[in-house]
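Just so you know, we're using our numbering here: the sequence shown kicks off at 1198 and counts up by one. Cβ coordinates follow ideal geometry from the N, Cα and C atoms, glycine included. In this text the structure is predicted, and so the values were computed from the model without any measurement.
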Amino acid sequence: MAPKRMTVPGIRARKGKTPLVCLTAYDYPTAQEIDDLVDLILVGDSLGMVVHGLPNTQGVTLEMMILHGQAVMRAANHALVVVDMPFGTVEESPETAFRNAARVMRETGCSAIKLEGGTEMAPTVKFLTERGIPVLGHVGLMPQKAAMLGGFRTQGRKSEIAEKVTRDAEAISEAGAFAVVIEGTIEPLAREITGRIAAPTIGIGASAGCDGQILVINDMLGRASEYVPTFVRRYAEHGEGARAAVAAYAEDVRERRFPGPEHVFE
Ligand code: KIV
């Protein structure tokens, strides 16, 4: 029997219950490895940095998101797959956001989209959700707006910023988002927002009190990356493992130890 896929109402219903397990994935083999272990897979625009080596997420295009979304969707049968809307595709107007989000959903088959933004994006979140596009919100540290926020800085230390992040989370939740990512926000604030808003919160560099957690998979698996945020716990060292394997292969080839008799056809 085909596995049952996690649904948007299923994610919503986890508010205050067993924490949601979420990870990013950008390709078919990774989605295959994690699909039955997580509740939600995000095809994040972090792929611009961790897969394509871009300096930030601002160069990511809708076409890149669709291509990676399609690869993930071919492998994921259990987790809810959410595709991130890249910079410049949702900000102009709710109508433009709808056109672009509908294209992402139609061409990838994903269940929902994610967009960054607070009070200024609430009318767009309402417009999309009322027209059948489930939205995962994203407040606090918003990488697409890093330049405006003064870099990748933890949010909420100053009271006016803490109030803004709270207003943003409330506005996005009230506008109909089925869950809200809170990124890079001081722990007590993320915990307080979780208690205040109706939508489940998904923390990253936020609080264990959030209704779920998400990490960029390349960071937690220790895949090659120059910069790893301090809030990441590394559960593996794939980058080192891969380098050791390739070094062993290179030596075997140079010493004519590979291919062995079992790898050739008599
Ligand atoms: O793009 C991304 O991977 C994200 C997560 C860090 C939440 O937005």
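Checklist entry - Just reading off the alpha helix (DSSP H) that Leu-1264 is part of, what are its end residues? => result For Leu-1264, the enclosing alpha helix (DSSP H) starts and ends at 1259 to 1272.
Next on the checklist: Only counting the same chain, and skipping five residues up and downstream in sequence, which positions put a Cβ closer than 6 Å to that of Leu-1386?
Outcome noted: Result list for Leu-1386: Gly-1353, Ala-1359, in chain order.
Next on the checklist: Am I right that Phe-1324 and Pro-1291 are in contact with their C-beta atoms under 8 Å? What's the rounded C-beta distance?
Outcome noted: So it is a contact: roughly 4 Å between Cβ atoms.
Item to check | Element boundaries [alpha helix (DSSP H), containing Gly-1392] | outcome: Unbroken alpha helix (DSSP H) run through Gly-1392: 1384 to 1393.
Checklist entry - Measuring CB to CB, does Val-1240 end up less than 8 Å from Val-1278? => result Yes, Cβ-Cβ distance for Val-1240 and Val-1278 is below 8 Å.
Item to check | Val-1443 burial status per 10 Å Cβ neighbour count (16 or more: buried) | outcome: Answer is exposed; the Cβ neighbour count stays below 16.
Checklist entry - Using the beta-carbon count (16 or more within 10 Å), is Lys-1355 buried or exposed? => result Looking at its Cβ environment, which holds fewer than 16 other Cβ atoms inside 10 Å, Lys-1355 is exposed.
Item to check | Spatially closest choice to Ala-1376 from Thr-1254, Gly-1256, Leu-1312, Arg-1454, by CA coordinates | outcome: Out of Thr-1254, Gly-1256, Leu-1312, Arg-1454, Leu-1312 has the C-alpha closest to the C-alpha of Ala-1376.
Next on the checklist: Could you check whether Ile-1231 and Ala-1222 sit closer than 8 Å to each other, using their CB atoms as the reference points?
Outcome noted: Yes, the pair counts as a contact, with Cβ atoms nearer than the cut-off.
Item to check | Endpoints, alpha helix (DSSP H) assigned at Ala-1319 | outcome: Its alpha helix (DSSP H) spans residues 1319 to 1327.
Next on the checklist: Only counting the same chain, and skipping five residues up and downstream in sequence, which positions put a Cβ closer than 8 Å to that of Leu-1338?
Outcome noted: Excluding residues within five positions, the ones whose Cβ falls inside 8 Å are Leu-1346, Phe-1349, Arg-1350, Thr-1351, Gln-1352, Glu-1380, Gly-1381, Thr-1382, Gly-1402.
Checklist entry - CB-CB under 7 Å to Val-1425, same chain, minus the five flanking residues each way: which ones, in chain order? => result Closer than 7 Å at the Cβ level, and outside the excluded window around Val-1425, lie Asp-1416.
Checklist entry - Under the criterion of a Cβ to heavy atom distance below 7 Å, does Asp-1233 qualify as lining the ligand KIV? => result The answer is no for Asp-1233.
Item to check | Sequence ranges, beta strand (DSSP E) only - wholly within the segment 1356 to 1386, length at least 3 | outcome: Runs of the beta strand (DSSP E) lying entirely within the segment 1356 to 1386 and spanning at least 3 residues, in chain order: 1376 to 1380.
Checklist entry - For His-1249, is the classification buried or exposed, using 16 other Cβ atoms within 10 angstroms of its Cβ as the cut-off for buried? => result By the neighbour-count rule (16 or more Cβ atoms within 10 Å), His-1249 is not buried but exposed.
Checklist entry - What's the gap between the Cα of Cys-1407 and the Cα of Gly-1436? => result Cys-1407 and Gly-1436 have their alpha carbons spaced roughly 30 Å apart.
Checklist entry - Which residues in the same chain as Arg-1420 place their Cβ atom closer than 6 Å to its Cβ, once the five residues preceding and following it in sequence are excluded? => result Hits under 6 Å: His-1435, Gly-1436.
Checklist entry - How is the beta strand (DSSP E) around Val-1248 delimited, first residue to last? => result Counting along the chain, Val-1248 falls outside any beta strand (DSSP E), and DSSP gives it neither H nor E.
Next on the checklist: Closest to Leu-1264 by C-alpha separation, out of Glu-1327, Thr-1254, Val-1280, would be which residue?
Outcome noted: Cα-wise, what sits closest to Leu-1264 is Val-1280.
Checklist entry - Should Ala-1344 be labelled buried (16 or more other beta-carbon atoms within 10 Å of its own) or exposed? => result Ala-1344 comes out exposed.
Next on the checklist: Taking 7 Å as the cut-off, is the beta-carbon of Val-1301 closer than that to any non-hydrogen atom of the ligand KIV?
Outcome noted: No, since every heavy atom of the ligand KIV falls outside the 7 Å radius drawn around the Cβ of Val-1301.
Next on the checklist: Only counting the same chain, and skipping five residues up and downstream in sequence, which positions put a Cβ closer than 8 Å to that of Asp-1449?
Outcome noted: If we look at Asp-1449 and ignore the five residues flanking it on each side, its Cβ neighbours are Phe-1455.
Checklist entry - Under 8 Å, do Leu-1220 and Ile-1411 count as touching if we go by C-beta distance? => result In contact: Leu-1220 and Ile-1411 (Cβ atoms closer than 8 Å).
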